[in-house]
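S.K.: These protein sequence lines map, in sequence, to chains A and B.
Counting from 6, one number per residue, gives the positions in the first sequence under my numbering.
Counting from 12, one number per residue, gives the positions in the second sequence under my numbering.
Where is the CB? At the ideal position from N, CA and C, for every residue including glycine.
Treat the numbers as computed from the prediction; the structure is a model and nothing was measured.
Below is one structure. I have some questions about it.
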Amino acid sequence: MTEQTTEAVAEELHDVRLTVNGASYDVRVPARRLLSDALRHDIGLTGTHVGCEHGVCGACTILLDGAPTRSCLLLTVSADGREVTTVEGLTERDGSLGPVQQAFKDCHGLQCGFCTPGFLTTITAGLRDNPDPSEAEARDMIGGNLCRCTGYANIVAAVLRAAELGAEAEPA
Amino acid sequence: MKPAPFSYLRPTTLAEALAAYADNADAKVLAGGQSLVPLLSMRLAAPDMLIDINRIAELDFVRADENGVTFGALARHAVLEKDETARRAQPLLSKALRLVAHPTIRNQGTTLGSIVHADAAAEMPMVLVLLGGTVTAESARGSRTISAGDLYVGPLESSLESGEIATQAWVPALAADTGTAIDEVSRRHGDYALCGVAALVGVGQDGAVRSARAGYLSVTETPATVDLSEAFGDGTLSPANLAAAADIAMAAIDPETDIHATADYRRHLAGVLTRRVIAAAHGDALARTKGVAA
Chain A
6 MTEQTTEAVA EELHDVRLTV NGASYDVRVP ARRLLSDALR HDIGLTGTHV
56 GCEHGVCGAC TILLDGAPTR SCLLLTVSAD GREVTTVEGL TERDGSLGPV
106 QQAFKDCHGL QCGFCTPGFL TTITAGLRDN PDPSEAEARD MIGGNLCRCT
156 GYANIVAAVL RAAELGAEAE PA
Chain B
12 MKPAPFSYLR PTTLAEALAA YADNADAKVL AGGQSLVPLL SMRLAAPDML
62 IDINRIAELD FVRADENGVT FGALARHAVL EKDETARRAQ PLLSKALRLV
112 AHPTIRNQGT TLGSIVHADA AAEMPMVLVL LGGTVTAESA RGSRTISAGD
162 LYVGPLESSL ESGEIATQAW VPALAADTGT AIDEVSRRHG DYALCGVAAL
212 VGVGQDGAVR SARAGYLSVT ETPATVDLSE AFGDGTLSPA NLAAAADIAM
262 AAIDPETDIH ATADYRRHLA GVLTRRVIAA AHGDALARTK GVAA
């Protein structure tokens, strides 16, 4: 490979269409743009936080076609045409807090709040799959997310509270 | 850090992908990306080109029959884990997949990608070796089948050659007289295990142990299995026999000390887990031979 070719590669841009929280976005990005960066910098949705940027901490977790996924481990080009839900998409239509967000507020489930977006998306999907978790299942649900304030007891309480709120909203 | 620049190709057919790979020996193949993307971001890998195989529909399948389970390069851990026909044919797959990373990672990561990433601390390379599976490698030159025993040549190093894409893997179905178990010790559920052990135990009609083989992760340089059958000469799970099996295992492995655990502690765990999974796999074998679902 000549030096010239390498420079050309660096500048190559790709047109990508993403649906984020129900709205369509067209971005033009290099292939190496991580989805977490596209969401924050190209689209301007800074609710998705980047902690470790190698898949360990879980702060950047988004829902990709409904499934929890690390946005720092996905290239934006790979996500072309997919549907993304970020923490901004978890609020109700009228702007009030969604059940998981409300539960975090009720239970003091956040301290500095940096890890919170990843917890909220992970728990939203987790409760969809298991609407009535035991405490052990709640712990398992958040096992892939780190909170460096170590507020795990209240986060587990928030999972259980969110399940209650969900059950109240949709009586069986 | 951010990945270094690379050119990007997203073919929709395998032929297209193989042709591109043949032309660019420095390319890397992107499937689930749960290991490759961190390597790119940390710039431990800086390929000229990424060949994203995620839109090659022919690689996205799980098939199971009485002979075994075959899964394509795009079978996500989460899909294979929940595939009922695969679980019935080879129950160790779903038992082991539940221990692979966290559910969020399993949604995106592929089992075959993990297998050819060749990490001896990962579950699925060890499971492939323990079960005696195979990987099919295709290139512009043709196709070949690599047995699990020939796949791992060193830490994070497989015998895949330049230009070859692992397109599918196969593991045999579990024999009716054999039981399986897997267990591991990790700091948190979903983290890399300090040590993990899986076992296959075959029983006779009287329920006696006829064969015992175990696979080990995080205590060797490449995925390793150890035949423990000789410890069970009288066919019983007596404490003496289990201790003998643990001794054979602890002599066969070669753990290393790192920030997470000393070599001695890992060796100790291998012994404890060997006794535990052999007993569990034996119980599973008894349940299966009695026709009871494990």
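Could you tell me the alpha carbon to alpha carbon distance between A272 of chain B and C206 of chain B, rounded to whole angstroms?
M.R.: For the purposes of this step, residue 272 of chain B is identified with residue 261 of the second sequence, where counting begins at 1. For the purposes of this step, residue 206 of chain B is identified with residue 195 of the second sequence, where counting begins at 1. For A272 of chain B and C206 of chain B, the distance between alpha carbons rounds to 10 Å.
S.K.: Leaving out five residues before and five after T7 of chain A in sequence, what residues of the same chain have Cβ atoms less than 7 Å from its Cβ?
M.R.: Counting from 1 along the first sequence, the entry for residue 7 of chain A is found at position 2. Summary for T7 of chain A: the model assigns pLDDT 47, below 50, so the residue's position carries little reliability; its value from the coordinates is reported in the next sentence. Here the set comprises nothing.
S.K.: Taking the alpha-carbon of P229 of chain B as reference, which of B:S197, B:A177 and B:A42 has the nearest alpha-carbon?
M.R.: For this step, residue 229 of chain B is matched to residue 218 along the second sequence. Per the sequence shown, the amino acid found at residue 229 of chain B is Ser instead of Pro. Ranking B:S197, B:A177 and B:A42 by Cα distance to S229 of chain B puts B:S197 first.
S.K.: Give the secondary structure of L61 of chain B by DSSP, where H, G and I count as helix, E and B as strand, and everything else as coil.
M.R.: Stepping through the second sequence from its first residue, residue 61 of chain B is reached at position 50. It is a strand residue.
S.K.: Any beta carbon from chain A within less than 9 Å of I67 of chain B's own beta carbon?
M.R.: The count along the second sequence starts at 1 and reaches residue 67 of chain B at position 56. Closer than 9 Å: no.
S.K.: Identify each residue in the region 51-84 of chain A for which the Cβ-Cβ distance to at least one residue of chain B is less than 8 Å, and report them in chain order.
M.R.: So the close ones are E58, H59, G60, G63, T66, L69, A72, P73, T74, R75, C77, L78, L79, L80, V82 and S83.
S.K.: Check I119 of chain A in the structure and name its three-state DSSP category.
M.R.: Residue numbering aside, residue 119 of chain A sits at position 114 when the first sequence is read from its first letter. The question names Ile, but residue 119 of chain A is Phe in the sequence shown. The answer is coil: DSSP assigns F119 of chain A none of H, G, I, E or B.
S.K.: What are the residues in the region 126-140 of chain A lying within 7 Å of chain B by C-beta distance?
M.R.: So the close ones are T127.
S.K.: When the Cα atoms are used, what is the spatial distance from A180 of chain B to K39 of chain B?
M.R.: The residue you call residue 180 of chain B lines up with position 169 of the second sequence. The residue you call residue 39 of chain B lines up with position 28 of the second sequence. One C-alpha to the other measures close to 19 Å.
S.K.: At 7 Å on the CB atoms, spell out the chain A contacts of H113 of chain B, in chain order.
M.R.: Counting from 1 along the second sequence, the entry for residue 113 of chain B is found at position 102. Neighbours of H113 of chain B on chain A, chain order: G148 and G149.
S.K.: Output needed for G148 of chain A: all residues of its chain with C-beta closer than 7 Å, excluding positions within five of it in sequence on either side, in chain order.
M.R.: Position 143 of the first sequence, counted from the first residue, corresponds to residue 148 of chain A. Nothing listed; no residue qualifies.
S.K.: Can the beta-carbon of S150 of chain B be found less than 9 Å from the beta-carbon of I176 of chain B?
M.R.: Sequence index remark: in the second sequence, residue 150 of chain B carries index 139 (1-based). Sequence index remark: in the second sequence, residue 176 of chain B carries index 165 (1-based). Result yes, Cβ atoms of S150 of chain B and I176 of chain B sit closer than 9 Å.
S.K.: For the candidate residues A:V32, A:G60 and A:L69, whose alpha-carbon lies nearest to that of G90 of chain A?
M.R.: For the purposes of this step, residue 90 of chain A is taken as residue 85 along the first sequence, with counting starting at 1. Correcting the residue identity first, residue 90 of chain A is Thr in this sequence and not Gly. The option with the nearest alpha carbon to T90 of chain A is A:L69.
S.K.: Give the range of the alpha helix (DSSP H) segment to which P102 of chain B is assigned.
M.R.: The residue labelled residue 102 of chain B in the question sits at position 91 within the second sequence. Element bounds for P102 of chain B: P102 to L108.
S.K.: Taking only beta-carbon positions, decide if E17 of chain A is within less than 9 Å of chain B.
M.R.: Counting from one through the first sequence, the residue named residue 17 of chain A turns up at place 12. With 9 Å as the cut-off, E17 of chain A counts as an interface residue toward chain B.
S.K.: Can you have a look at C120 of chain A and say buried or exposed, based on whether 16 or more other CB atoms are within 10 angstroms of its CB?
M.R.: To locate residue 120 of chain A, count along the first sequence from 1; it is residue 115. Buried, by the Cβ-count rule.
S.K.: So what does DSSP say about L211 of chain B, is it helix, strand or coil?
M.R.: As a working note, residue 211 of chain B is residue 200 in the second sequence. Strand at L211 of chain B.
S.K.: Where A28 of chain B and D37 of chain B are concerned, what is the direct C-alpha to C-alpha distance, given to the nearest angstrom?
M.R.: By one-based count along the second sequence, residue 28 of chain B stands at place 17. By one-based count along the second sequence, residue 37 of chain B stands at place 26. Distance between the alpha carbons of A28 of chain B and D37 of chain B is about 14 Å.
S.K.: To the nearest angstrom, report how far apart G43 of chain B and P250 of chain B are at their CA atoms.
M.R.: Stepping through the second sequence from its first residue, residue 43 of chain B is reached at position 32. Stepping through the second sequence from its first residue, residue 250 of chain B is reached at position 239. Spanning the two alpha carbons is a distance of roughly 44 Å.
S.K.: Cutting at 8 Å between CB atoms, please list the residues of its own chain near Y163 of chain B, excluding the five before and the five after it.
M.R.: Residue mapping note: residue 163 of chain B aligns to position 152 of the second sequence, counting from 1. Around Y163 of chain B: A129, A131, P136, V140, S169, S170, T233 and P234.
S.K.: Where does L18 of chain A sit, in a helix, a strand or coil, going by DSSP?
M.R.: As a first step, residue 18 of chain A must be located in the first sequence, where it is residue number 13. Three-state DSSP puts L18 of chain A in a strand.
S.K.: Using 9 Å as the limit for Cβ to Cβ distance, is A36 of chain A near chain B?
M.R.: Working through the first sequence from its first residue, we reach residue 36 of chain A at position 31. Yes, A36 of chain A counts as interfacial toward chain B.
S.K.: On the CB-based measure, 16 or more other CB atoms within 10 Å of its CB, does K110 of chain A come out buried or exposed?
M.R.: The residue labelled residue 110 of chain A in the question sits at position 105 within the first sequence. Result: exposed.
S.K.: For the region 109-134 of chain B, enumerate the residues whose C-beta is nearer than 8 Å to any C-beta of chain A, in chain order.
M.R.: Listed by position along the chain: A112, H113, P114, T115, I116, N118 and Q119.
S.K.: Considering Cα atoms alone, identify which of A:L132, A:A172, A:E173 and A:E175 is closest to V161 of chain A.
M.R.: Within the first sequence, numbered from 1, the residue matching residue 161 of chain A stands at position 156. Answer by Cα proximity: A:L132.
S.K.: For the pair the region 71-84 of chain A and the region 122-130 of chain A, tell me if three or more CB-CB distances fall below 8 Å.
M.R.: Because the criterion of three Cβ pairs below 8 Å is met, the region 71-84 of chain A and the region 122-130 of chain A touch.
S.K.: What first and last residue would you give for the alpha helix (DSSP H) that runs through I67 of chain A?
M.R.: The sequence position of residue 67 of chain A within the first sequence is 62, counting from 1. Per DSSP, I67 of chain A belongs to no alpha helix (DSSP H); it is in the beta strand (DSSP E), T66 to L69.
S.K.: Straight-line CA distance for T300 of chain B to G218 of chain B?
M.R.: Position 289 of the second sequence, counted from the start, is the residue given in the question as residue 300 of chain B. Position 207 of the second sequence, counted from the start, is the residue given in the question as residue 218 of chain B. One C-alpha to the other measures close to 8 Å.
S.K.: When the Cβ atoms of the region 164-177 of chain A are set against those of the region 13-22 of chain B, are three or more pairs found closer than 8 Å?
M.R.: These segments do not touch.
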